[in-house]
Structure formats: structure tokens, C-alpha cells
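For the record, the sequence lines run as chains A and B. Sequential numbering from 7 applies to the first sequence in our numbering. Sequential numbering from 3 applies to the second sequence in our numbering.
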Amino acid sequence: MRICIATSGSGGINDFVSTVFGRCPTFTIVDIEGNEIKNIRVIQNPGYVSGSGAGVLAAQEIVNEGCNVLISGSVGPNSYQVLMAGHIDMRASPPTSVKDAINLFLEGKLPVAVPVHGGGRRGMGMGMGRGHGPW
Amino acid sequence: MAEIVVASGKGGVGKSTVLSSLAIFFREKNNAIVDGDAEAPNLHLLFDVEWSEEREYRGKSIAVIDYNKCNLCGKCAETCEYRAIKLKNNEIKILDYLCEGCLACAVICPERAISIKKDVYSGKIKIGKTEFGPFISPELEPGQSNSGKLVTEEKNIARSWKEKGIKNILVDSAAGIGCQVIASMGGSNYAILIAEPTKSSFSDMLRAYELAYHFRAKPFIIINKHDLNPDFDLIEKFSKEEDVEIIGKIPYDKNIPVSMAKRKPIFMYDPNSPSTRAMKDFFPTISSIFD
Numbered sequence: 007m008r009i010c011i012a013t014s015g016s017g018g019i020n021d022f023v024s025t026v027f028g029r030c031p032t033f034t035i036v037d038i039e040g041n042e043i044k045n046i047r048v049i050q051n052p053g054y055v056s057g058s059g060a061g062v063l064a065a066q067e068i069v070n071e072g073c074n075v076l077i078s079g080s081v082g083p084n085s086y087q088v089l090m091a092g093h094i095d096m097r098a099s100p101p102t103s104v105k106d107a108i109n110l111f112l113e114g115k116l117p118v119a120v121p122v123h124g125g126g127r128r129g130m131g132m133g134m135g136r137g138h139g140p141w
Numbered sequence: 003m004a005e006i007v008v009a010s011g012k013g014g015v016g017k018s019t020v021l022s023s024l025a026i027f028f029r030e031k032n033n034a035i036v037d038g039d040a041e042a043p044n045l046h047l048l049f050d051v052e053w054s055e056e057r058e059y060r061g062k063s064i065a066v067i068d069y070n071k072c073n074l075c076g077k078c079a080e081t082c083e084y085r086a087i088k089l090k091n092n093e094i095k096i097l098d099y100l101c102e103g104c105l106a107c108a109v110i111c112p113e114r115a116i117s118i119k120k121d122v123y124s125g126k127i128k129i130g131k132t133e134f135g136p137f138i139s140p141e142l143e144p145g146q147s148n149s150g151k152l153v154t155e156e157k158n159i160a161r162s163w164k165e166k167g168i169k170n171i172l173v174d175s176a177a178g179i180g181c182q183v184i185a186s187m188g189g190s191n192y193a194i195l196i197a198e199p200t201k202s203s204f205s206d207m208l209r210a211y212e213l214a215y216h217f218r219a220k221p222f223i224i225i226n227k228h229d230l231n232p233d234f235d236l237i238e239k240f241s242k243e244e245d246v247e248i249i250g251k252i253p254y255d256k257n258i259p260v261s262m263a264k265r266k267p268i269f270m271y272d273p274n275s276p277s278t279r280a281m282k283d284f285f286p287t288i289s290s291i292f293d
């Protein structure tokens, strides 16, 4: 399983999870084998330097990198569509270290980034224990 | 550090009026004020800004023709969706202000004569101060529309002031839910959504709400000019169903356009006008969102 973490600095296992996806500077990509973190690498997010269309560019990059899971503080509407089409499991994390976020994910403690709500209307409603936190 | 964005979807419903009032009412909270409307920045008109610095902004990509390779076949001009390439009298040229840097011409060119030049000068970020805190405003060159990055850069400047004691960032977002509004919302903790009691404003507010939802910014609603359509109850229904708090209602106030014409925030122009009094009444209920 390959996990991409949207990181807020220069990336790596000790960097922190970014509050945004499309315009975070770096992606830290790891492979999970068994329960071990392997092949840690950092790539630049093409969306960070793009004038517009950041979310789409960033999401395409994650799909191209063959990631299965994305961990980010949030996922915007445009990247959401690309990542959905790419069957990426999007998870929301507080701005903890990459290491902590991966562990939280492996423990099943990271909620889906954009919960789907009743009535078939994506993004509406505040149920499902989502709890808007100021993070 | 708390980031608070004022958004609405629909334009002209009172974003800048509310934001300027927040900046004045909460002036002791060490706020930085950011105009997030890169395409039509106008918040500085309300504040007496003392400009101190300008930073270059480079964001646009444009196509460039290598005339040594070009054989004037004109395929690029046919392909360009933006009509940014003109072929006339055996002369071909790219109109920079129309070019979006989309690459279509470079792909179609049989001579490989077109390349994309990145990070072209696109405008500037202006930094100044007001009596209510430091102020950041964008200024794009004519024809430049790539503005999400610009808004992000503005916000990053404000974020870097944390060490200087800035505790909150107030972002006046553009209308709509496009690139620059997404950039305004991204990373925000709170979204104050302004709506008028009309169907079009309500519908647009829902779209702004959805953005706030994506970016996990806690939303609040303010109804502006609520007394003009008192029977309109869709916003209240939405508020109950979705558990989004309506923090206050502002009455129609004919002093607001007058204050704008005088280039003064309504809070300064007339501290006793109906809208100012209403805001003074309910603003304390959100003082806890400020750091």
C-alpha cells in the first residue's frame, strides 16, 4: 500500500501534515509493507507553484505516483473529483507529524476527508460525527 | 493563529462591509487584513492604507514562438481556444494578455516551434498598514487571471507575521467559488458566510458553504439586509437542518453606500447607523474564534 501525505514543509517523515492539499509544497510518499513504513521519498507538488488549477495538478500527481491513500488536512472540491476518479482513499488528519499521521491511519483513526451525506448531496450536512475542528 | 475568511458566493452582499467592521471591532486582537479578491481588489479603498512594500508576483505561463522554426502554418492559431494567437499578413504573434499557457499550441505545432515560458511577471503584492492592523492587497496586471497562487502567497506573508505578534488573519474573499476563493478558504479555520434573503444569494451561499465544508473551516452565517425580505426562511431552515449557526442579522442601511462613496468603513462613518449597531450587538458572540 502506498500512502501520500500532503506535507507543509520540505517533506519527510518528521515534517507535518499540511492543512491543505492542492497548495501544499511537498508530498511525502511511503510504502507500507506489513505494518512497516518503507521507501520514504519526497516529491514537489506541482500545484504549489501553479497559478491556477492547483488541486487538479496535485491530484493527478498522486494518481500518477500510484498512491492508494492520501492523508491531508483537507481536500478541495477539484482535487476531490480527480482523486475519486483515481480511487484514492482520502483521509483527513490534524497537522501532526507524518509519522503520527501514518500510525493514526494504520490504527484506523483517520476519518474520511470529505464525508458523503444523506440526500445524495455531497458536502452538505454536518452529521456523521464529523466535528468541524479549527485545525 | 486563527484564519477567518469572509465569503458569500454571490457578490455585493456585504463581504467587505462585514470584514471592515470585524477588523475595526476586533482591532485589539492583532489581526492582519488580507484582500483575497485578486481580480478586483477594492478593500484598500475603505481603509486608509499606508503602503510600505511591494513584492513581485510571478504566476502566469505564456506560450512563446521560436520564429526560426515557425513556418507560419497557422495551426496554433486555429487550435487556441482563447484566440490568443493571431496570424495576419504572414506574421504570427501571441497576445500575452489572452494566453492561458494551456500548451495546446505547443502540442499541435508540427515544427515544435512553441514553448511555454513559466513564471512570467503577473502583478504584485502590496503591503501596508492601517490603524487596525497590517494590510495585504494583490494587484494583477491587466489580463492576468491566475490568482489562486497569488492569494496563497498573500496569506503566507500574513502567516509569516506570527513571530511579529499577528494572531489572526482576516481574509476578504472574492465572490464566486473559483480559484481565488478556494485559495482564500484553504487552511482557514472559520468561514463567515454572508447571505441576503434572496434565492440567488442563498443558492450561492450554499456553494460557498460546500467549499468551507471541504476545507474544514467552521462556518457561520450572517444575513445581510434581512428586513428587506422578512418572509424568506430558506436560510433559517438550512441553518437548523445543517446545524450552522446564524450569528446575526444586519438590517438594510442606506448609510452603507454613502460611507463607501466617502471611502470610510461604515463602522467609522456612522457608529450609530442601524447596520453598525446590529453588528456591535452580535459580534461579541464570535469573539472566541479569534486567537
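Built from N, CA and C at the ideal position, the CB exists for glycine as well.
Nearest CA to the CA of residue i: which residue from the options?
i                 : options                                   : result
Ile127 of chain B : B:Ile94, B:Asp229 and B:His46             : B:His46
Val173 of chain B : B:Trp163, B:Lys77, B:Ser162 and B:Ala185  : B:Ala185
Ala106 of chain B : B:Phe134, B:Ala65, B:Lys90 and B:Gly130   : B:Ala65
Ser99 of chain A  : A:Lys115, A:Gly92 and A:Ala91             : A:Lys115
Phe222 of chain B : B:Ala197, B:Lys282, B:Ser205 and B:Asp255 : B:Ala197
Tyr192 of chain B : B:Ser18, B:Lys201, B:His216 and B:Ser203  : B:His216
Val122 of chain A : A:Gly92, A:Ile46, A:Val62 and A:Gln87     : A:Gln87
Ile225 of chain B : B:Met281, B:Leu48, B:Lys62 and B:Arg218   : B:Met281
Val20 of chain B  : B:Glu83, B:Val7 and B:Cys181              : B:Val7
Gly130 of chain B : B:Pro112, B:Pro273, B:Glu243 and B:Glu156 : B:Glu156
Tyr84 of chain B  : B:Glu102, B:Asp272 and B:Glu143           : B:Glu102
Thr200 of chain B : B:Gly13, B:Ala86 and B:Glu113             : B:Gly13
Ile35 of chain A  : A:Ala119, A:Val120, A:Asp95 and A:Gly72   : A:Gly72
Asn170 of chain B : B:Glu143, B:Val183 and B:Arg29            : B:Arg29
Ala25 of chain B  : B:Ala9, B:Lys62, B:Phe134 and B:Met3      : B:Phe134
Lys17 of chain B  : B:Val36, B:Asn32, B:Ala4 and B:Gly125     : B:Val36
Do we get a CB-CB distance below 8 Å when we pair residue i with the residues of chain B?
i                 : result
Ser56 of chain A  : yes
Gly28 of chain A  : yes
Gly82 of chain A  : yes
Gln102 of chain A : Checking the sequence, you will find Thr at residue 102 of chain A rather than Gln. No, no contact with chain B.
Thr34 of chain A  : no
Gly124 of chain A : Confidence is the limiting factor: at Gly124 of chain A the pLDDT is only 39, short of 50, which leaves the residue's position unreliable and the question unanswerable from this model.
Val143 of chain A : One cannot answer for residue 143 of chain A here, as it falls past the ends of chain A, which runs 7 to 141.
Thr25 of chain A  : yes
Ala98 of chain A  : yes
His65 of chain A  : First, the residue type needs correcting, since residue 65 of chain A is Ala and not His in the sequence shown. Output row for Ala65 of chain A: interface = no.
Ala107 of chain A : no
Ala91 of chain A  : no
Ala60 of chain A  : yes
Do you know how far the Cα of residue j is from the Cα of residue i?
i                 : j                 : result
Thr102 of chain A : Phe22 of chain A  : 5 Å
Asn70 of chain B  : Ser117 of chain B : 13 Å
Thr278 of chain B : Met207 of chain B : 23 Å
Ala34 of chain B  : Leu236 of chain B : 34 Å
Ser85 of chain A  : Phe27 of chain A  : 8 Å
Arg161 of chain B : Phe292 of chain B : 15 Å
Leu76 of chain A  : Gly57 of chain A  : 23 Å
Asn41 of chain A  : Asn109 of chain A : 9 Å
Quick check on residue i - is its C-beta less than 8 Å from some C-beta in chain A?
i                 : result
Leu213 of chain B : yes
Phe234 of chain B : no
Cys181 of chain B : yes
Lys119 of chain B : no
Ser289 of chain B : no
Phe295 of chain B : Beyond the ends of chain B as shown, which are 3 and 293, falls residue 295 of chain B; an answer cannot be given.
Secondary structure at residue i, three-state DSSP: helix, strand or coil?
i                 : result
Gly133 of chain A : The predicted model places Gly133 of chain A with a pLDDT of 39, which falls under 50 and marks its position as unreliable, so this point remains unresolved.
Pro221 of chain B : strand
Arg85 of chain B  : coil
Asp272 of chain B : coil
Gly16 of chain B  : coil
Cys78 of chain B  : helix
Pro140 of chain B : strand
Gln146 of chain B : coil
Arg128 of chain A : Low local confidence applies: a pLDDT of 42 at Arg128 of chain A is under 50, so the model's placement there is unreliable, with the coordinate-based value given in what follows. Correct three-state label for Arg128 of chain A: coil.
His138 of chain A : At His138 of chain A the pLDDT is 43, less than 50, meaning the model places this residue with poor confidence; the figure from the coordinates comes in the next sentence. His138 of chain A: coil per DSSP, three-state reduction.
Gly10 of chain A  : First, the residue type needs correcting, since residue 10 of chain A is Cys and not Gly in the sequence shown. Of the three classes helix, strand and coil, the one that applies to Cys10 of chain A here is strand, per DSSP.
Gly59 of chain A  : coil
Asn191 of chain B : coil
Leu24 of chain B  : helix
Lys266 of chain B : coil
Lys164 of chain B : helix
Met96 of chain A  : strand
Tyr86 of chain A  : helix
Leu48 of chain B  : coil
Would the beta-carbon of residue i be found less than 7 Å away from any heavy atom of the ligand PLP?
i                 : result
Gly250 of chain B : Questions concerning the ligand PLP fall outside what the structure shown contains, since it holds no ligand whatsoever.
Taking beta-carbon pairs under 9 Å, can you tell me which members of the stretch 140-163 of chain B lie near chain A? Gln146, Ser147, Asn148, Ser149, Gly150, Lys151, Leu152 and Thr154
Quick one: which residues of the stretch 168-200 of chain B get their C-beta closer than 9 Å to a C-beta of chain A? List them in chain order. Ile179, Gly180, Cys181, Gln182, Ile184, Ala185, Met187, Gly188, Gly189, Ser190, Asn191 and Tyr192
Residues in the stretch 37-70 of chain B having any Cβ partner in chain A nearer than 8 Å: Listed by position along the chain: Gly61, Lys62 and Ser63.
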